[in-house]
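Each remark here refers to the structure printed beneath this line.
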Amino acid sequence: MQRLMATLDRIDCKGYGAYKDLSGSHDFGSFTLSVDRVQRDPFAPPSLIRVRTKENVFGRDLFAGPVRRVAFEDFLTRSVEKAIRRVVRGNRGSGGSGRVEIQRTSQVVLPRTSMVVAPEYVEARMAVGLPARGRSVDARAAKAVLLEELPEVVRRSLVPAPEGDVDEESARLHVEAVEDANHLRGLLSRLGLVAFVADGAILPRESGASDRPLGDSAVPFVSPEEYRMEVDLQNAGVVTGMGVPEGVTLVAGGGFHGKSTLLSALSWGVYDHVPGDGRELVVARGDAVKIRAEDGRSVSGVDISAMIGELPGGRSTEDFSTTNASGSTSQATNIAEAIEAGTSLLLVDEDTSATNFMIRDERMRELVRSEPISPFIDLVRPLHRSLGVSTVVVVGGVGDYLDVADRVILLEDYAPSDGTPRAREVTEKFPPRAPLAPGDARQPHERAIDASSVDLRRGKRQSARGRGLHTIELGRERVDLSYLEQLAEAGQTEAAARIIGEWVASGEVRGMRDLLMGALASVSENSLDSLGGHGGHPGEMSQPRAHELAAAINRIRPLRACPQT
Ligand code: ADP
Ligand code: MG
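Counted the way numbering that gives the first Met the number 0 counts, the sequence shown spans residues 0 to 564.
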């Protein structure tokens, strides 16, 4: 600390580059500060630091086993976030001077690089805008940030009471909630379910732009008797809620009655949520994929032949490529890719689907004879029967789906009821529809993808970086992830970018599945830090799922893929 102070005195008012002298480790008594990367100027991305406590005096139960450890790390990241907001003044000069940050979190709990809880220490990775007046070092402001604010942030957020401000009881509740959700998700398969929604859950969100729970006007979830079941959880004890069985489930109801809200909650059920979110005990199979139309996306060698036959000009759909997919071909592609990456649950909302992919009515069949699309309505049952892939589909307008549903959940004023008996009565009134697809579905051909089709060069540098939540930059190429509805935070985008970067650098032709499984196995074995290069602050990353990683690769426009032999 003395040395840091002396260095700051020495470089005061010098050119900003003099901050380089802060690099390395500094002993602060109860913790060590490591300055890993010093920014070039006050306007550049902030400097990267780590703070490591000298011991870990938190109760061991808070981080026993990987699930609890990840949950506790998440708790501490949020704790640092809160302390920064209370303690750090922020703007102290030009550019980012005086800013202190930790990786931004979302409503979900994920492994992140922002925090490491080890038996001997707790380490937080942060970013600091080293203060400048114009472009020169402002030592007085730097002292305030590094020697006053930072130690206070550490005391408030990384040290348990009574010395610090961390309440171990809140931490325990956080960890236990995550543990229960995780356990519940693990039970689904055994119970023959694809999802579970606990009674009392709050599904609606504050607004289209916010993932926080809707306030007082939210109607808590009440399960319909027919689907009500009990689960016994380690911490919460016996919980009741709606079990959604495998097979084809229709969510029906009038407009604005909460159908999309329910489906969206299921799609986020692949992740664990923070206490207070309202969806703590809303879980779905971890490999569930929300499917939508996405016209304009590029497609590289995907086998959509089970859904779409020969295209105009005799183009085959077993090895379908385009730089500009239509609504229906993009939706078929999204399904084929989700199956390729190993999904067991498709979540489909009429609102975001291509009509001609969902259904074709009799008049249109009569008029258009050369339609290559087998509508989804004729695929949902074969998908389950032949491939074990279940579907939850939200329908407001297309009653034909009643014919193919194993069950119907009817939403009225946000309250679900079992609409299956009524649906049976209704379908008996109409002649059965003749299916337009073969009776069985098959696995799409697997693909091999070629790393040499992607060029990471950007000027003199190579780049594979995340740019916010929705964009990956690969060399001069920008990969658009705007339509990935289950991408939770920018850290996942960053991690996916780095994984893609490593693969491209290897120059290999790899089977898609093989690449996904290999990359994620390596991350879980060596931690996310291993994507950050050598030692020190690895950058801000969160764990992506195989499905978002696959989706990112699949949207690289120049990607070359061929059927795997
Ligand atoms: P649908 O898809 O049936 O048309 P949405 O799911 O889009 O309906 O919901 C319509 C509106 O109702 C949204 O603004 C949503 O936030 C709100 N909403 C949904 N579920 C609830 C609920 N349980 N309590 C209060 N508001 C809700
Ligand atoms: Mg809707």
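Every residue gets a Cβ at the ideal spot worked out from N, C-alpha and C, and that includes glycine. Source: prediction; values computed, not measured.
Exercise for review: Under 6 Å Cβ to Cβ from Ser297, same chain only, skipping five residues before and after it: list those, please.
Suggested key: Thr322, Arg556
**Study point:** For Gly177, the three-state DSSP class (helix, strand or coil)
**Key:** First, the residue type needs correcting, since residue 177 is Val and not Gly in the sequence shown. Three-state result, Val177: helix.
Point to revise | Whole-Å CB distance - Leu232 paired with His182, under 8 Å assumed | key: 6 Å
Practice item. Can you grab the Cα-Cα spacing for the pair Val66 / Arg364, in whole Å? Key: 52 Å
Practice item. Output the boundary residues of the beta strand (DSSP E) element that contains Arg91. Key: Run containing Arg91: none; DSSP gives neither H nor E here.
Check your understanding: Taking 7 Å as the cut-off, is the CB of Gly16 close to at least one heavy atom of ligand 4?
Key -> This structure lacks ligand 4; the ligands present are ligand 1 and ligand 2.
Point to revise | Residues near ligand 2, criterion Cβ-heavy atom distance below 6 Å | key: Lys258, Ser259, Asp350
Review point. Does the distance from the CB of Ile201 to the CB of Gly253 come in under 8 Å?
Key: no
Point to revise | DSSP state of Phe375 mapped onto helix, strand, coil | key: helix
Point to revise | Beta-carbon separation (whole angstroms), Val397 vs Ile358, contact threshold 8 Å | key: 5 Å
Practice item. Using the Cα positions of Asp40 and Glu100, report the straight-line distance between them to the nearest angstrom. Key: 17 Å
**Study point:** Among Gln1, Ser29, Phe42, the one whose alpha carbon lies nearest that of Tyr15
**Key:** Phe42
Practice item. For Thr351, collect the residues of the same chain with a Cβ closer than 8 Å to its Cβ; drop the 5 residues on either side in sequence, then sort them by chain order. Key: Arg291, Ala292
Exercise for review: Note down, in chain order, each residue of its chain lying with its Cβ closer than 7 Å to the Cβ of Asn355, except the 5 sequence neighbours on either side.
Suggested key: Ser327, Ile372
Check your understanding: Closer than 7 Å: is that where the CB of Tyr413 sits relative to any heavy atom of ligand 1?
Key -> yes
Check your understanding: Beta carbon of Pro203: closer than 7 Å to some heavy atom of ligand 1?
Key -> yes
Practice item. Tell whether a beta-carbon distance below 8 Å holds between Val116 and Arg154. Key: no
Check your understanding: Is Phe255 near ligand 1, judged by its Cβ being under 7 Å from some heavy atom?
Key -> yes
Review point. Rounded to a whole number of angstroms, what is the C-alpha to C-alpha distance between Leu265 and Leu378?
Key: 21 Å
**Study point:** Distance cut-off 7 Å: Ala217 Cβ against heavy atoms of ligand 1
**Key:** yes
Practice item. Determine the contact status of Arg284 and Val193, defining contact as a CB-CB distance below 8 Å. Key: yes
Exercise for review: Per DSSP, which residues does Pro130 bridge with? Please list them.
Suggested key: Bridge partners of Pro130: none, in fact.
Point to revise | Nearest candidate by alpha-carbon position, reference Leu21, set Leu483, Gln38, Ser29, Thr419 | key: Gln38
Review point. For Ser451, which option in Ser416, Ser505, Ala404, Arg457 has the closest C-alpha, if you only look at C-alpha atoms?
Key: Ser505
Point to revise | Beta-carbon separation (whole angstroms), Val347 vs Val393, contact threshold 8 Å | key: 7 Å
**Study point:** Val221 in three-state terms, based on DSSP
**Key:** coil
Exercise for review: Return the Cβ separation of Glu147 and Met114 in integer angstroms, given the expectation that the two are a contact with Cβ distance under 8 Å.
Suggested key: Actually they do not touch by this definition, with Cβ atoms about 22 Å apart.
Exercise for review: Would you give the residue range spanned by the alpha helix (DSSP H) that Pro567 belongs to?
Suggested key: This structure gives no information on residue 567, because the portion of the chain shown stretches from 0 to 564.
Check your understanding: If you draw a straight line from the C-alpha of Glu488 to the C-alpha of Arg84, how long is it?
Key -> 20 Å
Practice item. Compute every distance between the C-beta of Gly312 and the non-hydrogen atoms of ligand 1, then say whether any falls below 7 Å. Key: no
Check your understanding: Sorry if obvious, but does the Cβ on Gly252 come closer than 7 Å to a heavy atom of ligand 1?
Key -> yes
Review point. Alpha carbon to alpha carbon, how far is Leu344 from Gln542?
Key: 21 Å
Review point. Is it the case that the CB of Leu410 approaches a heavy atom of ligand 1 more closely than 7 Å?
Key: yes
Point to revise | Start and end residues, beta strand (DSSP E) containing Ala520 | key: Per DSSP, Ala520 belongs to no beta strand (DSSP E); it is in the alpha helix (DSSP H), 511-525.
**Study point:** Per-residue DSSP class, three states only, for Ala447
**Key:** strand
Check your understanding: Where does the unbroken alpha helix (DSSP H) through Val116 begin, and where does it stop?
Key -> Per DSSP, Val116 belongs to no alpha helix (DSSP H); it is in the beta strand (DSSP E), 114-116.
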